[in-house]
Amino acid sequence: FEPRTVEATVLRSEGDVQATWTLEADWIRAYNDYALDDEELSQRVLDSLYEEGDA
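Residues 1 to 55 in full-length UniProt numbering are what the sequence shown spells out, letter by letter.
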């Protein structure tokens, strides 16, 4: 399969965004090639997290 970037939005309620996060296709490829481990992949996703109210 060809990895695709995933962009997600977490809602508190309809139309009320709590946070967004991204999983880049390149990160998935690196994980599949054993260039990233579980923790490194998770950390990249966490680093992409944007919570409403963050500057």
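We treat Cβ as the ideally placed atom computed from N, Cα and C, and that holds for glycine.
Note that this is a predicted model, so its numbers are computed, not measured.
Fill in: Length of the line joining the Cα atoms of Y31 and E39
Roughly 10 Å between the two C-alpha positions.
Item to complete: Might you give, ordered along the chain, the residues of its own chain that have their beta carbon closer than 8 Å to the beta carbon of A19, omitting 5 neighbours on each side?
Response: The residues T9, V10, L49, Y50, E51, E52, in chain order, have a CB closer than 8 Å to that of A19 in the same chain once the five nearest residues on each side in sequence are set aside.
Practice prompt. Report the rounded CA-to-CA distance for D47 versus E2, giving the unit in angstroms.
Written response: In this model, D47 and E2 are separated by some 23 Å (Cα to Cα).
Item to complete: Could you pull the start and end residues of the alpha helix (DSSP H) that E40 belongs to?
Response: Note, E40: alpha helix (DSSP H), 38 to 48.
Worksheet entry | Nearest residue (CA-CA) to R44, options R29, A35, T22 | Minimum Cα distance to R44 is reached at T22.
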